[in-house]
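As they're listed, the protein sequences go chains D and S. As numbered in this note's numbering, residues 248 to 361 make up the first sequence, in order. As numbered in this note's numbering, residues 17 to 129 make up the second sequence, in order. Worksheet: one structure, shown below.
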Amino acid sequence: EAGVTQFPSHSVIEKGQTVTLRCDPISGHDNLYWYRRVMGKEIKFLLHFVKESKQDESGMPNNRFLAERTGGTYSTLKVQPAELEDSGVYFCASSQVQGGTEAFFGQGTRLTVV
Amino acid sequence: RKEVEQDPGPFNVPEGATVAFNCTYSNSASQSFFWYRQDCRKEPKLLMSVYSSGNEDGRFTAQLNRASQYISLLIRDSKLSDSATYLCVVKPRRGSTLGRLYFGRGTQLTVWP
């Protein structure tokens, strides 16, 4: 069974540009999460989808970040316009609907804003 | 104050050594606790959940002290393959859905031959 997949694995963009990250969760996992790790810091929560609905978006840093999950399958995270401080590794994770005690992570997208 | 605090290390130990990692959490109402392992430039993976009574999985033993808000991980008979970053992870809320998790910065372990 395929795990959580993320695309692209790396992205280098200039300040002010737009980048869209994609996450495909494990099939059947209604819960989808975005996390981010900035260099030297801990992994931090961004938001949580249950199917296509945003359950918790309290971790989104500002309105330059937009996450969507149309149809409740894959999700995208768009950063527009990107700033230098947005650089980091963006992880997507998914978990089962009920009783899931494990979050399954993708390998992450390493974003560098120059 | 951070939700989860960990000593970042690094810990450098020889094969066969016993090593212990500690972590503290700030929210006394936190519900569930985990240790994740992350290899270099890879994704975090669940190593084990931490139960109130303590639990063991082979060479790994996890302990929880709710009164002190303290979690530990003990690795016995260290192997080269144990080299990784160990992340202390806390689920703050009740509920059957996993939900938001809080991560420590991780403790880096290197096991040398």
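We put the beta carbon where it would ideally sit given N, CA and C, even for glycine.
Terminal residues of the beta strand (DSSP E) in which residue i lies
i, result
"residue 310 of chain D", "Run containing residue 310 of chain D: none; DSSP gives neither H nor E here."
"residue 273 of chain D", "Looking at the DSSP string, residue 273 of chain D is not in any beta strand (DSSP E), and its letter there is neither H nor E."
"residue 294 of chain D", "290-297"
"residue 303 of chain D", "300-303"
"residue 330 of chain D", "Counting along the chain, residue 330 of chain D falls outside any beta strand (DSSP E), and DSSP gives it neither H nor E."
"residue 21 of chain S", "20-22"
Cross-strand partners of residue i (DSSP beta bridge)
i, result
"residue 72 of chain S", "S:77"
"residue 257 of chain D", "D:357"
"residue 52 of chain S", "S:62, S:103"
"residue 340 of chain D", "D:280, D:352"
"residue 36 of chain S", "S:90"
"residue 29 of chain S", "S:127"
"residue 116 of chain S", "DSSP, once it has assigned bridges, lists no residue as partnering residue 116 of chain S."
Distance between beta carbons of residue j and residue i, contact taken as under 8 angstroms
i, j, result
"residue 94 of chain S", "residue 32 of chain S", "6 angstroms"
"residue 22 of chain S", "residue 121 of chain S", "6 angstroms"
"residue 234 of chain D", "residue 318 of chain D", "The shown model of chain D, from 248 to 361, leaves out residue 234 of chain D, and the question about it has no answer."
"residue 56 of chain S", "residue 104 of chain S", "Residue 56 of chain S to residue 104 of chain S, Cβ: 18 angstroms. No contact."
Beta carbon of residue i nearer than 8 angstroms to that of residue j
i, j, result
"residue 249 of chain D", "residue 114 of chain S", "no"
"residue 282 of chain D", "residue 273 of chain D", "no"
"residue 358 of chain D", "residue 266 of chain D", "yes"
"residue 320 of chain D", "residue 314 of chain D", "no"
"residue 284 of chain D", "residue 361 of chain D", "no"
"residue 65 of chain S", "residue 348 of chain D", "yes"
Where residue i meets chain A, residues with beta-carbon distance less than 8 angstroms
i, result
"residue 290 of chain D", "Although the question refers to chain A, the structure presented lacks it and instead comprises the protein chains D and S."
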